[in-house]
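First comes the structure, then the notes that go with it.
2 protein chains.
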Amino acid sequence: MTWLEEVQWNNEGLVPAIASDATTGQVLMLAWMNRDALAVTVAERRAVYWSRSRGRLWRKGEESGHHQEVLEIRLDCDNDAIQLKVRQAGGIACHTGRHSCFYRRLEGEVWQTIEPVLKSPTEIYRSEN
Amino acid sequence: MTWLEEVQWNNEGLVPAIASDATTGQVLMLAWMNRDALAVTVAERRAVYWSRSRGRLWRKGEESGHHQEVLEIRLDCDNDAIQLKVRQAGGIACHTGRHSCFYRRLEGEVWQTIEPVLKSPTEIYRSEN
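The listed protein sequences derive, respectively, from chains F and P. If you're matching positions, the first sequence starts at 1 in our numbering and goes up one per residue. If you're matching positions, the second sequence starts at 1 in our numbering and goes up one per residue.
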């Protein structure tokens, strides 16, 4: 499929993917995609990333329930970065229970946390047993 | 400086940096920073990236005039991605003369250009001789 071949995958076969809120435009997170992740994302209209730590496809929300419905997919001018415009389930993109993963701001020489936890991680990831 | 050491630079000493419009939230571009680029960005309050193609620091706007005043710097939950909230000079972040570098949207199996050229690249990069 040509549209997949147009993407300039890096030497690990990945590109960075920015998820932003389709309504507010706010940046929610940055993750990585390989060719399969992008193809599945398009097919399912749900964000699927490549988890570098787990070495497998990661269906965003598979544990937390905080999946992302994908309304638009954009490619940048160099073909090496993707933007997803998403509807974020629960309004929580971050595994810390915050709206955005970018919740720390540089203030002087300190990365200061400035966004609230909306739901505690223990509640998000509690065992269903 | 501890705040620089908290950043998880990759094995090339880089992190991806998302520039977004401080007013609208819109994603403008994704570029890369090394330690020096981030330090200089903080010192100058202007976006300075690491140009992987040129192998040197790249003061955004040094040729085009389309520099970025940095109003906020954010770090993500994994310490391996940066967000800059910027005021974009000329309203043009992309070297193609568009507002955002993410100007193509996947429509069916085609990356369709959906944002207008605000200023032609030949005009932006014309020789001053």
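Backbone N, C-alpha and C define an ideal beta-carbon position, used for all residues, glycine too.
| Check | Outcome |
| --- | --- |
| Inter-residue Cα distance where the pair is asparagine 11(F) and asparagine 34(F) | 11 Å |
| Exposed unless 16 or more other CB atoms sit within 10 angstroms - verdict on asparagine 129(P) | With a pLDDT of 43 at asparagine 129(P), under the threshold of 50, the modelled position of that residue is not reliable, and the figure given next carries that caveat. It counts as exposed. |
| Assigned exposure category for leucine 4(F) - 16 Cβ within 10 Å defines buried | exposed |
| Residues within the stretch 103-127 of chain F neighbouring chain P, beta-carbon criterion of under 8 Å | Tyr103, Arg104, Arg105, Leu106, Glu109, Val110 and Trp111 |
| Any chain P beta carbon closer than 8 Å to glycine 25(F) | yes |
| Cβ shell of alanine 81(F) (< 8 Å), same chain only, five flanking positions each side left out | Val15, Pro16, Ala17, Ile18 and Leu75 |
| For lysine 85(P), the residue or residues it bridges with in DSSP | Ser20(P) and Glu72(P) |
| Counted within 10 angstroms of its Cβ, other Cβ atoms place serine 53(P) as buried (16 or more) or exposed | exposed |
| As assigned by DSSP and simplified to three states, the class of tryptophan 58(F) | strand |
| Contacting residues, own chain, Cβ-Cβ under 8 Å from valine 117(P) (five flanking each side not counted) | Thr96, Gly97 and Arg98 |
| Identified DSSP bridge partners for serine 51(F) | Arg56(F) |
| 8 Å Cβ cutoff met for leucine 71(P) and alanine 22(P) | yes |
| When Glu69(F), Ile124(F) and Glu123(F) are compared against valine 40(F), the one with the closest alpha-carbon | Glu69(F) |
| C-beta contact flag for glycine 25(F) and glycine 25(P) at 8 Å | yes |
| First and last residue of the uninterrupted alpha helix (DSSP H) at arginine 135(F) | In this structure chain F extends from 1 to 129, so residue 135(F) is not present and cannot be described. |
| Cβ-based contacts, 8 Å cut-off: residues of the stretch 29-41 of chain P near chain F | Met29 and Leu30 |
| Min CB distance arginine 74(P) to chain F below 8 Å | yes |
| Through-space distance from glutamate 63(P) to cysteine 101(P), alpha-carbon basis | 17 Å |
| Tryptophan 132(F), DSSP secondary structure in three states | Because chain F spans 1 through 129 in this model, residue 132(F) falls outside it and cannot be assessed. |
| Contact set between arginine 81(P) and chain F, taken where Cβ atoms lie within less than 7 Å | The displayed chain sequence assigns alanine, not arginine, to residue 81(P). Under the 7 Å cutoff, chain F gives Leu30. |
| Chain-ordered chain P contacts of tryptophan 3(F) [CB-CB under 8 Å] | Leu106, Glu109, Val110 and Trp111 |
| Assigned secondary structure, tryptophan 138(F) (DSSP; H/G/I helix, E/B strand, else coil) | Given a span of 1 to 129 for chain F in the structure shown, any question on residue 138(F) remains unanswerable. |
| Closer than 8 Å to chain F by CB, glutamate 141(P) | There is simply no residue 141(P) to check, as chain P begins at 1 and stops at 129 in what is shown. |
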